[in-house]
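See below for the structure under consideration.
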Amino acid sequence: MKITQILPLLPLTSAFVITETDIFQNIEKTGREIVDQTQGVFEKTQHVLDDAFAKAVESVKEAGDKAYHKVHETGCDVESWLEGSSFEEFMDDSEKPDHPHHPPHDKPPHHGPPHHGRPHHPPHHEKPNQTVYELISKSKYTTKLAKLIDEFPDLIDKLNSTKSNYTVFAPTDEAFERIPKHGKKPSKEFLEKVLLYHISDDFYPAGRVLHSYTIPTLLEPENLGHKQRLTVRVTLKGPTINFYSKLVAVNIFGTNGVIHGVDHVIVPPPQVATIIDLLPGEFSTLELALGKTDLFDKINSTDYPHKGGTFFAPSNFAFKKLGPRANAFLFSQYGLKYLKALLEYHIVVDQTLYSDAFFDQSGDDDEKTDDYRHFHVDLPTVLKDKYLSVDSARYGPFVEIRINAFSRVTIHDGVASDGVIQVVSDVLIPPKTEGAKQMYWTGDELSVEDLKERLAPLVDESPEL
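When you line the sequence shown up against mature numbering (1 follows the signal peptide of the UniProt record, and there is no 0), it's residues -15 to -1, 1 to 450, in that order.
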C-alpha cells in the first residue's frame, strides 16, 4: 500500500473528535472552575460557547508559526485549495469501484440543487434559550465578530429571527488577529459580504457539515446566479472550510441554529480567472493558452452576461500528457485557432456543477434530482454543439467525477465568485466521429494529425464567448 494512500486518513481522528460537543465541554474542565450545579440555565448556555472556544484559542496560540496563512492580494488563500485536496485524489483508479458512464446525447438533462430535509438536533444537555446572535455577542471569544455584526442591524435581526435555523461559522478573536494590520479598513459593503459568507440559512450541525462537500451561504454574487458556497474538506490539517479555515469548535446550539468556530476569517473567493492567475505552479500553461487566444480577458471581463459556470481546468501536468509535438503545434502561430477551440471545450457557461449540487441558469429544462450519490449530466460547452458527458458518484466520504468516461476531476470545487473550477487529470479532447460512433481520446500521446482531425471541423464554428 502506498504511503500517499495512508496520509489522507490521518485527519479522520480530528474529524471524529470535533463532532461531539461533550468532548469540548469536558476537555476544558482541567484548570477551570466547574460550573456550579445551582447556576441558572442562562449561565449554562453561555458556558457552552465559551468553553468550546477556549480550547480553540489555546490550540491556535500553540500552533503559532506552524499555521499556513499566506496572504494573497485577494485576501483569499487559494493555494490551500490545491494543498487541501480530498481523499480520492490519493487513490489509484484501479482501487475505486466502478460506476456507469454515459455517452453524450442531444438533449442533456438539467438538475437543480439538491433538497435536503431538515435534520434533527443532535442531543445536548440543556435546551438552548439564546439565539445564535446572543451567543456570539455575549461570548468573550467572539467579541470582534460581534462588533462587526453590530454594524448591520438587518443582520442582527436575521440572526435573532426564528424563521430559519441558521448555521454560523464564527471566526474567533484569534482569527481576526491573523489579518495583516497594514492597509485601509475595508468598505462596509465588503465587510457585509464577508459576514454573509459565514452564514447559511440552513441547519448544518457538525455531522452534516462533515458529510457535505459544499454549503450555501447568504452571500449571492451578481455573476453567480445562486448563493455562494463554502467548500468542506477533511485535510491533513483536519476539517476545514474552503481548505484553509479550520473548524476548532462545533455544535454550539442556539434557539435558531448552530455555531461552529473557525480559526480564519473566510474571505469571499475571487473570479475564476483571478484564481487561475494566482496559481502559476499548477496553471501556468493554461494561463499562457488563455492569454494567447484572448480568452483570458474574456472570462475575466464583466462585459459578457453570465450567471455562474463551470471551468474544467487542465493542470500543467495534463498539458504535458498531450506530448511535446501536440503542445508545440497548439502554441504555434498555426495552431492557435485549434488551441482556442480546445479551450472552449473546457468552458461551460450558466451551468455550475459542484460535487453535490448543480445550478442551471441557462433557461432550458428545470428537471431536478434529490439524489446526488450517482447522477449524469451533459453540459453544453462554449464550443458550438459540443457537450461534455459528466458522471458523478459518491462512495461514503469519496466523490468521483469523470468527464467523457475517461478524464477524472482530481481537485474538486474551487469556488469562485462567478462559477466553480474543477481541475481535470487530462486535457479534454472533443471526440471524432467514425460512422455512427463517437471516438474519445483515451490518454495516448496525440499526433498533430490526430489532433487536427478532431478539431478542424470545429475551429470555424465556435461562437464568441
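Don't be surprised by glycine CBs; every beta carbon is placed ideally from N, CA and C.
Segment contact: the segment 291 to 304 against the segment 255 to 275, three or more CB-CB distances shorter than 8 Å; contact assigned. DSSP places E267 in the helix class (H, G or I) of the three-state scheme. Here the C-alpha atom of S197 lies approximately 28 Å from the C-alpha atom of N114.
Beta-bridge partners assigned by DSSP to D363: S374.
Counting only the Cα atoms, I284 lies some 6 Å from A258. For R439, same chain residues with a beta-carbon under 7 Å away, outside a window of 5 residues either side, are I414, P415 and K417 in chain order.
DSSP places N236 outside any alpha helix (DSSP H); the residue lies instead in the beta strand (DSSP E), whose first and last residues are S230 to G239.
Setting aside the 5 residues that flank it on each side, K178 is surrounded in the same chain by L204 and P253, each with a C-beta closer than 7 Å to its C-beta; the list follows chain order.
In the DSSP annotation of this structure, the continuous segment of the beta strand (DSSP E) that includes S392 starts and ends at S392 to A401. Relative to the Cα of I244, the nearest Cα in the group G293, D187, F228 and N227 belongs to D187. Looking at the backbone, the Cα of L368 and that of L443 are separated by about 8 Å. Beta-bridge partners assigned by DSSP to V408: A298 and I396. Looking from the CA of D279, the closest CA among N389, L264 and K322 belongs to K322. Only residues of its own chain outside the window of five on either side were considered, and among them A311 have a CB closer than 6 Å to the CB of L436, listed in chain order. In the pairwise beta carbon analysis, the segment 360 to 380 is classified as not touching the segment 225 to 235: fewer than three pairs are separated by under 8 Å.
Taking 8 Å as the cut-off, the Cβ atoms of V153 and G242 count as close. Remark: C-beta atoms of G210 and G276 do not approach each other more closely than 8 Å. Bounds of any beta strand (DSSP E) do not take in Y319, whose DSSP letter is neither H nor E.
Of L328, D282 and S410, the smallest CA-CA separation from F302 is found for S410.
The residues R214, T216 and P254, in chain order, have a CB closer than 6 Å to that of V400 in the same chain once the five nearest residues on each side in sequence are set aside. Per DSSP, the beta-bridge partners of F343 are L338. In this structure Q256 is buried. Its beta-carbon is surrounded by 16 or more other beta-carbon atoms within 10 angstroms.
One alpha carbon belongs to E111, the other to T199, and they sit about 30 Å apart. G192 carries a helical assignment under DSSP once its states are collapsed to helix, strand and coil. When DSSP reads this structure, R310 sits in no beta bridge, so it has no partner. In this model, T337 and S374 are separated by some 14 Å (Cα to Cα). In terms of Cα proximity to T427, the closest of G404, S347, L307 and S377 is L307.
Between K325 and the set S317, A274 and A390, the nearest pair of CA atoms involves A274. Rounded to the nearest whole angstrom, the CA to CA distance from V219 to T127 is 24 Å.
Take V433, set aside five residues on each side of it, and the residues of its chain with a beta-carbon closer than 8 Å to its own are R310, A311 and F314, in chain order. Judged by DSSP secondary structure, V433 falls within the alpha helix (DSSP H) whose first and last residues are V433 to L440.
In this structure, DSSP gives T128 a helical state, which the three-state scheme calls helix. In its chain, beyond the 5 residues on either side, S340 have a beta carbon closer than 6 Å to the beta carbon of V384. Beta-carbon to beta-carbon, L140 and L180 are separated by about 6 Å, close enough to satisfy the 8 Å threshold. DSSP places V179 in no beta strand (DSSP E) but in the uninterrupted alpha helix (DSSP H) bounded by K173 to L181. With a cutoff of 8 Å on beta-carbon distance, E162 and D248 are scored as not near each other.
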